[in-house]
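Heads up: the structure comes next, in structure tokens.
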Amino acid sequence: MHDMPGYDYHIDIPGTTIFDGKMAMKGYALNKMCYDFNKAENREGFKADEEGWMEKYGLNEGQKQAIRDRNVLGLISEGGNIYYLAKFAGIFGLSVQDVGGLQTGKSTDEFKEYLASQA
Amino acid sequence: MHDMPGYDYHIDIPGTTIFDGKMAMKGYALNKMCYDFNKAENREGFKADEEGWMEKYGLNEGQKQAIRDRNVLGLISEGGNIYYLAKFAGIFGLSVQDVGGLQTGKSTDEFKEYLASQA
Amino acid sequence: MAKILGGITTSHIPAVGNAIQKELYDDPYWKPFFDGYPKVHQWIKDNKPDYCINIYNDHGLGFFLDRMPTFAIGCANEYRNEDEGWGLPALDPFPGAPELSWHIAESMVADHFDLTTCQELAVDHGFVVPMQLFWPGAPHHPDMPKTVPISANTVQHPIPTLARALDFGKALGKALQSFPEDATVVILGTGGLSHQLDGARAGFINKEFDQYCLDNIVSNPEELTKITRMELVEKAGAQGTEFLMWMMMRGALGDNINEITRNYHIPISNTAAGTLLLECAA
Amino acid sequence: MAKILGGITTSHIPAVGNAIQKELYDDPYWKPFFDGYPKVHQWIKDNKPDYCINIYNDHGLGFFLDRMPTFAIGCANEYRNEDEGWGLPALDPFPGAPELSWHIAESMVADHFDLTTCQELAVDHGFVVPMQLFWPGAPHHPDMPKTVPISANTVQHPIPTLARALDFGKALGKALQSFPEDATVVILGTGGLSHQLDGARAGFINKEFDQYCLDNIVSNPEELTKITRMELVEKAGAQGTEFLMWMMMRGALGDNINEITRNYHIPISNTAAGTLLLECAA
Ligand SMILES: [Fe+3]
Ligand SMILES: [Fe+3]
Chain A
1 MHDMPGYDYH IDIPGTTIFD GKMAMKGYAL NKMCYDFNKA ENREGFKADE
51 EGWMEKYGLN EGQKQAIRDR NVLGLISEGG NIYYLAKFAG IFGLSVQDVG
101 GLQTGKSTDE FKEYLASQA
Chain B
1 MHDMPGYDYH IDIPGTTIFD GKMAMKGYAL NKMCYDFNKA ENREGFKADE
51 EGWMEKYGLN EGQKQAIRDR NVLGLISEGG NIYYLAKFAG IFGLSVQDVG
101 GLQTGKSTDE FKEYLASQA
Chain C
1 MAKILGGITT SHIPAVGNAI QKELYDDPYW KPFFDGYPKV HQWIKDNKPD
51 YCINIYNDHG LGFFLDRMPT FAIGCANEYR NEDEGWGLPA LDPFPGAPEL
101 SWHIAESMVA DHFDLTTCQE LAVDHGFVVP MQLFWPGAPH HPDMPKTVPI
151 SANTVQHPIP TLARALDFGK ALGKALQSFP EDATVVILGT GGLSHQLDGA
201 RAGFINKEFD QYCLDNIVSN PEELTKITRM ELVEKAGAQG TEFLMWMMMR
251 GALGDNINEI TRNYHIPISN TAAGTLLLEC AA
Chain D
1 MAKILGGITT SHIPAVGNAI QKELYDDPYW KPFFDGYPKV HQWIKDNKPD
51 YCINIYNDHG LGFFLDRMPT FAIGCANEYR NEDEGWGLPA LDPFPGAPEL
101 SWHIAESMVA DHFDLTTCQE LAVDHGFVVP MQLFWPGAPH HPDMPKTVPI
151 SANTVQHPIP TLARALDFGK ALGKALQSFP EDATVVILGT GGLSHQLDGA
201 RAGFINKEFD QYCLDNIVSN PEELTKITRM ELVEKAGAQG TEFLMWMMMR
251 GALGDNINEI TRNYHIPISN TAAGTLLLEC AA
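Now the structure itself:
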């Protein structure tokens with residue numbers, strides 16, 4: 001889907017991607033692969049052959065590279081939605097604090113401290 | 001689902017079953033089997049082993065008997081919805097006029113005449 | 001901003017697809033039905049809409065009872081008609097208009113319509129037959145517009161009220177008019193008129209009620225919102241509830257319209273077939 | 001006719017499920033969170049509601065982007081929590097209340113809410129964790145009510161507006177009060193409060209905004225309908241939009257309510273956790 005010039009449904013919020021129709025279409029294949037990680041057999045299928053599994057779901061090269069790199073910010077800019085990506089992170093036993101740290105350049109402990117600092 | 005005494009969402013229309021939640025729950029397994037007849041492989045599976053196929057979808061005995069008897073009115077009173085049942089009828093090459101005749105005790109030609117008589 | 005050119009209604013009976021394939025246009029059974037379309041073809045040729053909103057009802061292909069949406073909108077790059085159980089051949093995909101789909105979704109959810117958005121959607125005869133009737137050879141007609149499918153539930157009660165259907169159309173019209181592209185749009189409302197496929201009343205047709213609906217949908221659609229859903233089942237037949245699609249279409253056209261052509265014929269298959277072309281005044 | 005006893009809100013963080021399994025109630029990290037629940041347990045014990053309307057948001061188990069409903073209602077005999085991708089064990093199924101589900105669907109579709117009805121629905125932590133928090137041992141708590149799950153879309157924009165969410169609750173309340181059974185109902189609104197899981201702003205929490213929401217959801221929920229959805233994302237975080245569930249719950253309670261207990265704690269996992277018990281005046 002191309003840009004929609006002259007019509008904008010959202011405001012710019014720094015550090016935040018609005019997961020709207022445009023992003024949802026961009027990330028459809030990636031999110032579908034991650035959605036299917038709900039099932040153990042698909043998690044196993046991915047672990048056994050990452051490249052073949054990504055091909056099967058039709059991921060584009062940018063999405064594949066972000067998966068290879070475990071690059072969460074990259075996955076989001078490729079149209080990934082955090083709720084589906086969380087199932088990908090789950091394969092590696094990552095918590096939401098681990099994922100938060102990965103996205104903000106913090107260690108998991110630093111990220112936890114940041115959370116607590118807002119109390 | 002049991003009856004909902006004291007609360008009725010519809011009027012009585014002779015010869016007409018309102019396909020509401022109650023009927024939809026009653027016929028869920030039957031309609032699911034028929035919905036899956038959208039796919040040729042499921043039509044073939046049914047034709048190869050009618051009894052086994054009905055068992056697989058968990059039809060109850062009344063539904064099974066109505067399927068065995070090709071009893072359209074019986075299928076409707078068992079919770080079947082005509083849109084899904086049409087896919088069952090399609091397996092036998094029946095048209096909606098054939099199905100109309102079967103339900104009204106008319107031959108297909110008599111049913112067509114009845115339709116035309118309302119012009 | 002986009003401009004709504006008008007709306008077209010038609011019945012969408014599966015048998016019509018067969019008759020088109022066999023080119024039965026001059027067959028005595030079919031001629032009175034197909035005679036309703038040349039004026040529509042001319043209007044489409046004269047106007048060449050860029051987009052087509054195809055308001056139809058699914059009959060058990062795109063949706064099942066596990067997840068039955070009251071209103072659904074396709075938001076995909078293309079739409080395929082799949083086998084509906086009769087082994088019909090699949091056509092080439094119909095091109096979508098996802099920017100317009102999402103624009104409508106944004107506008108209508110903001111206006112408190114609770115849509116289900118569908119990024120994959122198999123479309124059945126309710127969608128395909130009208131396309132074939134209006135754009136012969138679809139999807140390969142040279143003037144084939146890009147399309148947005150919109151589906152309302154008429155399979156399982158509770159179905160939407162006639163008032164909600166008309167309001168849906170009004171909100172759809174507002175959404176279309178705010179689409180930031182200098183484009184033209186036609187709106188299809190398909191299904192009906194009176195028919196009943198199931199039960200001891202199968203074969204029921206109601207000419208008088210259909211005529212009442214045809215007259216009022218043109219000049220006074222608000223009047224039709226007084227019809228309850230159970231009255232609609234009683235008077236139009238169990239599957240005549242598809243008239244809701246006509247109400248949705250009509251709501252999008254606004255008050256200032258001209259009737260270009262009308263056709264009504266009993267029976268086609270089990271159905272009273274109705275065709276209507278309404279043009280928005282310029 | 002059924003009677004609405006009150007509403008309960010809670011965050012529904014997956015980590016809470018783990019903490020319950022490990023019985024970490026007195027762990028220094030968890031104690032300030034679990035301290036919010038004894039008064040809820042007492043109220044449930046005193047009132048023993050027959051039915052529970054569980055308003056939650058699915059996080060990618062029950063629904064995918066192919067068919068994303070704005071509002072969905074479970075209409076099934078039971079609901080199972082399935083693996084969400086972390087290999088969590090499946091609990092025994094939660095008993096449904098299909099008569100009540102269909103009654104709500106009939107009433108709300110008549111009132112122009114465009115529901116998606118679901119006769120099969122896998123429920124995720126958004127549904128399960130609140131059940132475990134309020135009825136320890138769920139679904140095997142002796143006072144376990146039968147349940148109707150209701151889900152709103154917060155995965156993909158456009159999400160419903162705060163005004164629509166509050167109106168949804170009002171129509172839900174009307175539906176419940178017309179249910180022809182001498183039964184009692186509690187309504188759960190789960191999710192939130194402020195949190196953001198994704199992007200460079202991950203970890204964002206907004207205590208001041210949460211307090212504003214907590215205060216107003218009790219005494220002046222209409223005030224909160226002035227918040228736009230983009231403001232909600234900005235101030236509550238991308239996943240703080242789950243506050244819509246609280247609005248839906250609140251709308252069903254009416255004007256005359258008493259606050260029984262409130263708890264607020266930062267952080268649990270990535271989230272500002274809020275708990276609120278509102279009782280309808282007799
Ligand atoms: Fe139809
Ligand atoms: Fe959540």
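Residue numbers (the numbering used here), protein chains in the order written: chain A, 1 to 119; chain B, 1 to 119; chain C, 1 to 282; chain D, 1 to 282.
Note that the Cβ used here is the ideal one computed from N, Cα and C, for glycine as well.
Item to check | Contact test: D/Glu23 Cβ vs ligand 1 heavy atom, cutoff 6 Å | outcome: As a first step, residue 23 of chain D is located in the fourth sequence; it is residue number 23 there, counting from the start. Flag unset: Cβ of D/Glu23 not near ligand 1.
Checklist entry - To which residues of the same chain is A/Glu78 closer than 8 Å at the C-beta, ignoring the five residues directly before and after it? => result The count along the first sequence starts at 1 and reaches residue 78 of chain A at position 78. Contacts found: Lys26, Gly27, Leu30, Asn60, Gly62, Gln63, Ala66.
Checklist entry - How long is the line joining the alpha carbons of C/Ala281 and C/Pro145, rounded to whole angstroms? => result Looking up residue 281 of chain C in the third sequence gives position 281. Looking up residue 145 of chain C in the third sequence gives position 145. Per the coordinates, the alpha-carbon of C/Ala281 lies some 21 Å from the alpha-carbon of C/Pro145.
Next on the checklist: Given the structure, does D/Gly191 come close to ligand 2, in the sense that its CB is under 6 Å from one of the ligand's heavy atoms?
Outcome noted: Here residue 191 of chain D refers to the residue found at position 191 when the fourth sequence is read from its first residue. At least one heavy atom of ligand 2 is nearer than 6 Å to the Cβ of D/Gly191, so yes.
Item to check | Of the residues C/Tyr51, C/Gln42, C/Ile266, C/Ala163, the one placed nearest C/Asp210, counting alpha carbons only | outcome: For the purposes of this step, residue 210 of chain C is taken as residue 210 along the third sequence, with counting starting at 1. Comparing alpha-carbon positions, the option among C/Tyr51, C/Gln42, C/Ile266, C/Ala163 lying closest to C/Asp210 turns out to be C/Ile266.
Checklist entry - Which first and last residues belong to the alpha helix (DSSP H) in which D/Phe33 is found? => result For the purposes of this step, residue 33 of chain D is taken as residue 33 along the fourth sequence, with counting starting at 1. Counting along the chain, the unbroken alpha helix (DSSP H) around D/Phe33 starts and ends at 31 to 34.
Item to check | Three-state secondary structure (DSSP) of C/Asn18 | outcome: Taking the third sequence and counting its residues from 1, the one referred to as residue 18 of chain C is at position 18. Collapsing the DSSP output to three states places C/Asn18 in a helix.
Checklist entry - Is D/Trp43 close to chain B, meaning its C-beta is less than 7 Å from at least one C-beta of that chain? => result Indexing the fourth sequence from 1 puts residue 43 of chain D at position 43. With 7 Å as the cut-off, D/Trp43 does not count as an interface residue toward chain B.
Item to check | Test: C/Ala238 CB closer than 7 Å to a CB of chain D | outcome: The residue labelled residue 238 of chain C in the question sits at position 238 within the third sequence. No, C/Ala238 does not count as interfacial toward chain D.
Item to check | Where D/Asn270 falls: helix, strand or coil (DSSP) | outcome: Here residue 270 of chain D refers to the residue found at position 270 of the fourth sequence. Secondary structure at D/Asn270: coil, using DSSP grouped into helix, strand and coil.
Checklist entry - How is the alpha helix (DSSP H) around C/Glu223 delimited, first residue to last? => result In the third sequence, the residue the question calls residue 223 of chain C occupies position 223. In the DSSP annotation of this structure, the continuous segment of the alpha helix (DSSP H) that includes C/Glu223 starts and ends at 221 to 224.
Checklist entry - Going by Cα to Cα distance, which pick from D/Tyr264, D/Arg262, D/Gly192, D/Ala238 is closest to D/Ile55? => result Here residue 55 of chain D corresponds to residue number 55 of the fourth sequence, with the count starting at 1. The shortest Cα separation from D/Ile55 among D/Tyr264, D/Arg262, D/Gly192, D/Ala238 belongs to D/Gly192.
Checklist entry - CB-CB under 6 Å to C/Ala252, same chain, minus the five flanking residues each way: which ones, in chain order? => result One-based indexing of the third sequence puts residue 252 of chain C at position 252. Around C/Ala252: Gly169, Leu172, Gly173, Ile187.
Next on the checklist: Are the CB atoms of C/Asp124 and C/Leu24 within a distance shorter than 7 Å?
Outcome noted: Residue mapping note: residue 24 of chain C aligns to position 24 of the third sequence, counting from 1. Residue mapping note: residue 124 of chain C aligns to position 124 of the third sequence, counting from 1. The answer is no: Cβ separation not under 7 Å.
Checklist entry - Three or more C-beta pairs closer than 8 Å, one from the stretch 97 to 112 of chain C and one from the stretch 159 to 166 of chain C: is that the case here? => result Verdict: no, contact absent.
Checklist entry - Using the beta-carbon of each residue, which ones in chain D are nearer than 7 Å to A/Thr104? => result Indexing the first sequence from 1 puts residue 104 of chain A at position 104. Under the 7 Å cutoff, chain D gives Ala200, Ala202, Gly203.
Item to check | D/Asn263 - partner residues in DSSP beta bridges | outcome: Start at 1 with the first residue of the fourth sequence, and residue 263 of chain D comes out as number 263. The partner list for D/Asn263 (beta bridge, DSSP) reads D/Thr275.
Checklist entry - So, helix, strand or coil for D/Lys3, using DSSP? => result Within the fourth sequence, residue 3 of chain D is the residue found at index 3, counting from 1. Residue state, collapsed to three classes: strand.
Next on the checklist: Tell me which residues share the same chain as D/Ala165 and place their Cβ nearer than 6 Å to its Cβ, disregarding the 5 neighbours each side in the sequence.
Outcome noted: Reading the fourth sequence from its first residue, position 165 is the one you call residue 165 of chain D. The residues are Leu244, Met247, Met248.
Checklist entry - Should the stretch 147 to 154 of chain C be called in touch with the stretch 68 to 87 of chain C, which here means at least 3 C-beta pairs below 8 Å? => result By the Cβ criterion, the stretch 147 to 154 of chain C is in contact with the stretch 68 to 87 of chain C, since at least three pairs of Cβ atoms, one from each stretch, lie closer than 8 Å.
Item to check | Whole-number beta carbon distance between D/Leu133 and D/Val16, since they are thought to touch under 8 Å | outcome: As a first step, residue 16 of chain D must be located in the fourth sequence, where it is residue number 16. As a first step, residue 133 of chain D must be located in the fourth sequence, where it is residue number 133. Right, the Cβ-Cβ distance comes to about 7 Å (below 8 Å), so this counts as a contact.
Item to check | Beta-carbon neighbours of C/His321, restricted to chain B and to distances below 7 Å | outcome: As displayed, chain C neither begins before 1 nor continues past 282, which places residue 321 of chain C out of reach and without an answer.
Item to check | Sub-7 Å separation of C/Ala240 and C/Ser194 beta-carbons | outcome: Here residue 240 of chain C corresponds to residue number 240 of the third sequence, with the count starting at 1. Here residue 194 of chain C corresponds to residue number 194 of the third sequence, with the count starting at 1. First, the residue type needs correcting, since residue 240 of chain C is Gly and not Ala in the sequence shown. Going by C-beta atoms, C/Gly240 is nearer than 7 Å to C/Ser194.
Checklist entry - Tell me, which residues are paired with D/Trp160 by DSSP? => result Residue numbering aside, residue 160 of chain D sits at position 160 when the fourth sequence is read from its first letter. Checking the displayed sequence, the identity of residue 160 of chain D turns out to be Pro instead of Trp. Among the bridge pairs identified by DSSP, D/Pro160 is matched with none.
Next on the checklist: From the DSSP secondary-structure annotation, give me the bridge partner or partners of D/Pro69.
Outcome noted: Residue mapping note: residue 69 of chain D aligns to position 69 of the fourth sequence, counting from 1. Residue pairing by DSSP puts D/Pro69 in a beta bridge opposite C/Thr116.
Checklist entry - Using the rule of at least 16 other Cβ atoms within 10 Å of the residue's Cβ for burial, across every protein chain shown, is A/Ser95 buried or exposed? => result In the first sequence, residue 95 of chain A corresponds to position 95, counting from 1. Buried.
Item to check | Residues within the stretch 12 to 44 of chain B neighbouring chain D, beta-carbon criterion of under 8 Å | outcome: Answer in chain order: Asp20, Gly21, Lys22, Ala24, Met25, Tyr28.
Item to check | Any C-beta of chain C under 7 Å from that of D/Pro130 | outcome: Stepping through the fourth sequence from its first residue, residue 130 of chain D is reached at position 130. Look at D/Pro130: its C-beta is not under 7 Å from any C-beta on chain C.
Checklist entry - Nearest to D/Pro130 by CA position, among D/Ser269, D/Ala272, D/Thr10, is which residue? => result Locating residue 130 of chain D in the fourth sequence gives position 130, counting from the first residue. Restricting attention to D/Ser269, D/Ala272, D/Thr10, the CA atom closest to the CA of D/Pro130 is found in D/Thr10.
Checklist entry - Hey, is the stretch 20 to 36 of chain C in contact with the stretch 41 to 49 of chain B, meaning 3+ C-beta pairs nearer than 8 Å? => result Note that the stretch 20 to 36 of chain C does not touch the stretch 41 to 49 of chain B; fewer than 3 beta-carbon pairs, one per stretch, sit closer than 8 Å.
Next on the checklist: Using a Cβ-based criterion (distance less than 6 Å to any ligand heavy atom), does D/Glu313 qualify as near ligand 2?
Outcome noted: Coverage of chain D is limited to positions 1 through 282, which leaves residue 313 of chain D absent and any answer about it impossible.
Next on the checklist: At a cut-off of 6 Å, would you count D/Gly203 as near ligand 2, judging by its Cβ distance to the nearest heavy atom?
Outcome noted: If you number the fourth sequence from 1, residue 203 of chain D lands on position 203. Not so, every heavy atom of ligand 2 lies at least 6 Å from the Cβ.
Checklist entry - At a CB-CB cut-off below 8 Å, which residues of chain B make contact with C/Asp83? => result The residue labelled residue 83 of chain C in the question sits at position 83 within the third sequence. Asn38, Lys39, Ala40, listed in chain order.
Item to check | Helix, strand or coil at B/Pro5 according to DSSP, with G and I counted as helix | outcome: As a position in the second sequence, residue 5 of chain B is number 5, starting the count at 1. Its pLDDT being 46, under 50, B/Pro5 is placed unreliably by the model, and nothing is read from it.
Checklist entry - How long is the line joining the alpha carbons of A/His2 and C/Glu99, rounded to whole angstroms? => result By 1-based counting over the first sequence, the position of residue 2 of chain A is 2. By 1-based counting over the third sequence, the position of residue 99 of chain C is 99. Note that A/His2 scores 48 on pLDDT, short of 50, meaning its location in the model is unreliable and no value can be drawn from it.
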